[in-house]
Each structure stands twice: as C-alpha cells, then as structure tokens.
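Here the structure is laid out as structure tokens; the discussion comes afterwards.
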Ligand SMILES: Cc1ncc(COP(=O)(O)O)c(C=O)c1O
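Numbering (our numbering), first residue to last: 1 to 524.
Now the structure itself:
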C-alpha cells in the first residue's frame, strides 16, 4: 500500500508546494496575531499572574466512535517500512552534508520543518515562535551557532541574548566542551550501569569541591525538573515530613513534584490535584516564610523544606532584598526545616557569582543545578547536599535512580563546563558585562520611560519590564527582525529576559542596545 492516498511531501516524494507551505506559515502567523488580539491579558506575565488559559476539554463520550475511526484511518495511512528507511536516510544525508546544501534543498527543509512540526509535533508551537510568526518570507530554521551567534538555514544571523533560556553561559559550541564530548564519544557514550564510570566520580568530586559550604554529595540527572524532584524526595526522606513552602511566580519545572511548587496558576490548573501540602509565599519576603512556618507549627502541619530561586528567572529576573536569603537560612534553622536553593538557572556564574546564593554567603541544605551545568552541549542536571543529609539515600541507593543521568557524555561536558567557567572566569565576566548591559538599558529606560517600567537583574540574568504584554511582544518581535533573540514569547512578553553567553563582548552589547533603541524608536 502506498501511503493510502496521504498527501504531503513525504507521501508524494515531492517537496510540499510553495503555496501550501506559504498557507501554513500564514495560518501560523494569523494564529499568532489572533491570539495577541484576542487574549491580550492571557499571558503569565507578572501583572496578571492569575490569568488562566482554560485547557480545551474534549468530550470523550461524543468522540469515542470518532476516535476509533481515526485510529483505523491512521493505521491505514502509515508510511511503509521502506519509506521510513528512505526518509530517515534523507535526514541522515542532510545532517552529514551540513553547510553544503543547495538553495533548493534549504527551501525544502524550511517547508518540511513547518509542515512536520504542524502534523507530527504540536501545531500550537508554530504560532508562538517568532521564527515563524515574525519571519518575512520563510520561517527561520535553526541551523548553526557559535559563541554568541546563531545562524538560520538561509544565513540570517542572530545575536543570541536568549541563550536557550540560560543553557549557553559558555556560549554555543565552546570548542573545549565540544572536544571533550567528542573524545568521550569515541570511547564510551552511555554507561554500562555495572562498571564504575570514572567521569561520574570525577564530576561529582569537582562539583563537591566548588559547591557552597559543606554541600558535597550529588546525583546526576538530565533536566532541571529532575533535579528538583530529587531534592524534594531527599528533603522528605531526611526530615520525614511532607510539606513544602514555595514562592509566588516561582518556576521549578513541569513534572508532577516540581509542578506542585510552581507559583503560576496557568501551568498548574489543568493538572490538579498536585501535591497538596505546598504553601505559597511572596518571593523576597522572609517575614512571610517565617509566618507560614509558625502557622504550620502551631497547627501541626509538617514542613520538610522551603524552596526558592536565588533570583527568580522565569518570573522575569526578580532580585530579592539583600537580607532575604540570610533570613531564609535563619528561619529554616529556627523551625528545623531544610532550605533548598533552585540554582538551575542562576548557577554556574549566570548572576555574576558562581552560585546565586554566593551573593549573600548563604549555604543551603540542598541545591539544584541544571541548564548551563552541561556546558551548552549536553543535557545535565544535579542535586547536591551535605553528607549528613545524603546518608538517607545510601542505605538503599536504588531509592532514587536514573538510566541516563550522569552518562559519560554528559559528565564529560560537565567537567569541561567547570573547567571553562573557572578558567575563563565566566562569573566575573557576567558581573562586569551585566553591569555594563544594565547601565545601557537604564539609559534607554530614562529615554523611553513611558513604555519601560523597570530594568532589573543580577549579572547577565536581566529583565526589562514594559507597560503591557502587547508592547513587550512588539519589542521582542522588533528585536527578532533586527537579528537579536531575547527570551520574551507571546505568552510571557511583558517582561523580556536577556541571558546571553557570559563572555558577550561589550561591542555586541552596544549593538544590541542600538537595535533595541531602534526598535523602541519605531514603536513609540
Ligand atoms: C529555576 C528553574 N528550575 C527548574 C527549571 C526546569 O528546568 P527544565 O526545563 O530543564 O526541566 C527551570 C527552567 O527554566 C528553572 O528556571
């Protein structure tokens, strides 16, 4: 059977028609535009943290037959095996050809990427990507990157101030990190799970030696959310208590445990009930934490830990008062609960010190790491704690495990990332470049004070808050068209985040400021 009459590029073996691709792109753009107009307040921005997008609820009773029909229709239209092999070979050839693609091949890849995102991945994303919604003729397809620059498949260049939401602290494809991973790949990619893997031990030692205070023993996984899950389990195990105190607008990941700590309704509501004994307090207000702990003690609620980001990242680079973290440490000690610092975004120099908590000389009981700890080359995360707390995991080490966590490739990247971070003084560079960037942004704020509400941040975790979500989105879109990527999406654009590589040259910061000035000029 030949694809059961399925239409499209893969079914016919021909490239999708330009008209079809253009229609698809246009549909995505319309959806983007429609959403902006229709739901101006639906963002998860700071001004409306409780604005909730209702999830679409399918009517299961009505659609039962339809679903059965769709199942058999889909089964009849699947690619035959030979086609899957041919199709995968087509992509393997593209991967190996790298830069040597013809203009025709490039156009075909653009069209097919939009099409397959829509048909097989999640159409919804197309409308939210500026690379689609704000592209001129063709969607911008990520192709190559180096240092602070990203180039799309057609050669359009972007200064990367988004940094993959904080993963590229050492830049894109740092040569020493790539080399370490490449060399390890030649020897052993993943762990046998029986023989002792030396890089896991080596990375654990390095992290144990550079972590604050007596944090020494760690476990490796792959995502930030995994690190938070591990930290929560460890806190429960050690304290034999179940509750957590988290912060409004705090972001700790989207798996069930970490989602339970999420301080934004729009990500929680569709998945309730989450963990029930999580209590939320205002970020930056240690009195409220103390008040919650007192209430919990008075009424007999068990609290295992207080969890917070040193500087709230996803919420828009919110810097707490200077006495916040020292006071958190003191009240946690007073009430005998653990203090968990989620350094997934702030760690590895992002805020101008190696760890965010270093700004206040605070040693948490458990620290979560992720994002840039893999050097921007491999996914890697970890949670780390003291030998005393860690004991509860040692009697039965299989209480918490992971197949891919701490694999040799990730550990090679982690070891190289530490070497580069300290060897090139990335935290020091972040402090210096961050101060320079903030100064330039504050000068712009003074000139555009009617639209820029606040410029804030620490190191190179910077937020620019605008007077409305729509305006913020227009700025992010204007910057995109001028070749600058920032972390402001349609869903969260009132504040845009700037998180470039920590060594971004000052001339490039000047260039970003010029393009921002130009964008603001055109919009006001
Ligand atoms: C502070 C913090 N914790 C946890 C996470 C979740 O990380 P991941 O998306 O890798 O699961 C994030 C992601 O942005 C984060 O910023």
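In this text, a Cβ means the ideal position worked out from N, Cα and C, and glycines have one as well. Note that the structure is predicted; figures quoted are calculated from it, not measured.
Which whole-angstrom value is the C-beta distance of residue 201 and residue 219, which I expect to be below 8 angstroms? By 1-based counting over the chain shown, the position of residue 201 is 201. By 1-based counting over the chain shown, the position of residue 219 is 219. That belief does not hold up - the Cβ atoms of residue 201 and residue 219 are roughly 13 angstroms apart, past 8 angstroms.
Mapping DSSP to helix, strand and coil, what is residue 244? In the chain shown, residue 244 corresponds to position 244, counting from 1. Here residue 244 sits in strand by DSSP.
Give the DSSP-derived three-state secondary structure of residue 255 in the structure shown. In the chain shown, the residue the question calls residue 255 occupies position 255. Residue state, collapsed to three classes: coil.
At a cut of 8 angstroms, does the segment 141–153 reach the segment 353–364 through at least three beta carbon pairs? no
Nearest to residue 517 (by Cα), restricted to the options 278, 447, 497, 182: Taking the first residue of the chain shown as position 1, residue 517 is located at position 517. It is 447 whose Cα lies nearest to the Cα of residue 517.
Helix or strand or just coil, what does DSSP make of residue 506? Residue numbering aside, residue 506 sits at position 506 when the chain shown is read from its first letter. Collapsing the DSSP output to three states places residue 506 in a helix.
Following the continuous alpha helix (DSSP H) through residue 411, name the residue where it begins and the one where it ends. One-based indexing of the chain shown puts residue 411 at position 411. Annotation for residue 411: the continuous alpha helix (DSSP H) segment containing it runs 408–423.
Closer than 8 angstroms: residue 193 CB and nearest ligand 3 heavy atom: Of the ligands one can find in the structure shown, namely ligand 1, none is ligand 3.
For residue 306 and residue 340, which I take to be in contact (beta-carbon distance under 8 angstroms), what is that distance rounded to the nearest angstrom? Indexing the chain shown from 1 puts residue 306 at position 306. Indexing the chain shown from 1 puts residue 340 at position 340. Residue 340 and residue 306 do touch by the CB rule: their CB atoms are close to 7 angstroms apart, below 8 angstroms.
Please classify residue 291 as buried or exposed, where buried requires at least 16 neighbouring CB atoms within 10 angstroms. Counting from 1 along the chain shown, the entry for residue 291 is found at position 291. That one is exposed.
So who's on the other strand from residue 338, going by DSSP bridges? In the chain shown, residue 338 corresponds to position 338, counting from 1. In the DSSP output, where bridge partners are listed per residue, residue 338 has 305.
Measure the beta-carbon distance from residue 110 to residue 139 and round it to whole angstroms, keeping in mind my assumption that it falls under 8 angstroms. Along the chain shown, read from residue 1 onward, the residue named residue 110 stands at position 110. Along the chain shown, read from residue 1 onward, the residue named residue 139 stands at position 139. Yes, residue 110 and residue 139 are in contact; Cβ-Cβ is about 6 angstroms, under 8 angstroms.
Relative to the C-alpha of residue 346, which candidate in 317, 143, 496, 322 has its C-alpha closest? For the purposes of this step, residue 346 is taken as residue 346 along the chain shown, with counting starting at 1. Ranking the options by Cα distance to residue 346, first place goes to 317.
Contact defined as beta carbons within less than 8 angstroms: I believe residue 443 pairs with residue 159. What is the distance between those atoms, to the nearest angstrom? Here residue 443 corresponds to residue number 443 of the chain shown, with the count starting at 1. Here residue 159 corresponds to residue number 159 of the chain shown, with the count starting at 1. That belief does not hold up - the Cβ atoms of residue 443 and residue 159 are roughly 19 angstroms apart, past 8 angstroms.
Just to confirm, does residue 370 get its C-beta within under 8 angstroms of one of the non-hydrogen atoms of ligand 1? Walking along the chain shown from the start, residue 370 turns up at place 370. Because some heavy atom of ligand 1 lies under 8 angstroms away, the Cβ of residue 370 counts as near it: yes.
Which residues does DSSP list as the beta-bridge partners of residue 381? Your numbering for residue 381 matches position 381 in the chain shown. DSSP, once it has assigned bridges, lists 221 as partnering residue 381.
On the premise that residue 478 lies in contact with residue 522, defined as a C-beta separation below 8 angstroms, what is that separation, rounded to the nearest angstrom? The residue labelled residue 522 in the question sits at position 522 within the chain shown. The residue labelled residue 478 in the question sits at position 478 within the chain shown. Confirmed, Cβ separation roughly 6 angstroms.
Nearest CA to the CA of residue 384: which residue from 319, 199, 203, 119? As a working mapping, residue 384 is identified with position 384 in the chain shown. It is 203 whose Cα lies nearest to the Cα of residue 384.
Closer than 8 angstroms by C-beta to residue 222: which residues in its own chain qualify, once you throw out the five before and the five after it? Chain order, please. Within the chain shown, residue 222 is the residue found at index 222, counting from 1. Closer than 8 angstroms at the Cβ level, and outside the excluded window around residue 222, lie 379, 380, 381, 402, 404, 405, 410.
In the structure shown, what three-state DSSP assignment does residue 33 receive? Locating residue 33 in the chain shown gives position 33, counting from the first residue. Because residue 33 carries a pLDDT of 47, less than 50, the predicted location of this residue cannot be relied on, and the following value inherits that uncertainty. Here residue 33 sits in helix by DSSP.
Determine which residues share a DSSP beta bridge with residue 487 and list them. In the chain shown, the residue the question calls residue 487 occupies position 487. Paired residues: 497.
Leaving aside the five residues before and after residue 130 along the sequence, list all residues of the same chain whose C-beta is less than 7 angstroms from its C-beta, in chain order. Within the chain shown, residue 130 is the residue found at index 130, counting from 1. Contacts found: 476, 477, 480.
Three or more beta-carbon pairs under 8 angstroms between the segment 158–174 and the segment 491–506, yes or no? yes
From the DSSP secondary-structure annotation, give me the bridge partner or partners of residue 456. The residue you call residue 456 lines up with position 456 of the chain shown. In DSSP, residue 456 forms a bridge with 463.
Is the segment 244–262 close to the segment 276–286, with three or more CB pairs under 8 angstroms? The segment 244–262 makes contact with the segment 276–286; the number of CB pairs closer than 8 angstroms reaches 3 or more.
By how many angstroms is the C-alpha of residue 427 removed from the C-alpha of residue 525? Nothing can be reported for residue 525, as the shown portion of the chain is limited to 1 through 524.
Using a threshold of 8 angstroms, is the CB atom of residue 407 nearer than that to any non-hydrogen atom of ligand 1? Looking up residue 407 in the chain shown gives position 407. Not so, every heavy atom of ligand 1 lies at least 8 angstroms from the Cβ.
Alpha-carbon to alpha-carbon, residue 462 and residue 372: For the purposes of this step, residue 372 is taken as residue 372 along the chain shown, with counting starting at 1. For the purposes of this step, residue 462 is taken as residue 462 along the chain shown, with counting starting at 1. For residue 372 and residue 462, the distance between alpha carbons rounds to 16 angstroms.
6 angstroms CB neighbourhood of residue 474 in its chain, flanking five on each side removed: As a position in the chain shown, residue 474 is number 474, starting the count at 1. Excluding residues within five positions, the ones whose Cβ falls inside 6 angstroms are 523.
Per DSSP, which one or two residues make a beta bridge with residue 158? As a first step, residue 158 must be located in the chain shown, where it is residue number 158. Beta-bridge pairing links residue 158 to 150.
If residue 433 and residue 460 are in contact, beta carbons under 8 angstroms, what's the gap, nearest whole angstrom? Mapped onto the chain shown, residue 433 falls at position 433. Mapped onto the chain shown, residue 460 falls at position 460. At roughly 6 angstroms, the Cβ-Cβ gap stays under 8 angstroms, so residue 433 and residue 460 are in contact.
Proximity winner among 144, 337, 495, 421, relative to residue 469 (alpha-carbon distances): Working through the chain shown from its first residue, we reach residue 469 at position 469. Residue 469 has its Cα closest to that of 495, out of 144, 337, 495, 421.
What whole-angstrom Cβ distance do residue 214 and residue 363 have, given they're in contact under 8 angstroms? The residue labelled residue 214 in the question sits at position 214 within the chain shown. The residue labelled residue 363 in the question sits at position 363 within the chain shown. Their Cβ separation, rounded to whole angstroms, is 7 angstroms, which keeps residue 214 and residue 363 in contact under 8 angstroms.
Note down the Cα distance separating residue 176 from residue 205, rounded to an integer number of angstroms. Position 176 of the chain shown, counted from the first residue, corresponds to residue 176. Position 205 of the chain shown, counted from the first residue, corresponds to residue 205. For residue 176 and residue 205, the distance between alpha carbons rounds to 20 angstroms.
Under 6 angstroms, CB to nearest heavy atom of ligand 1: contacting residues: Cβ-based neighbours of ligand 1 within the cut-off: 165, 223, 224, 225, 228, 251, 252, 253, 309, 313, 314, 342, 344, 345, 370.
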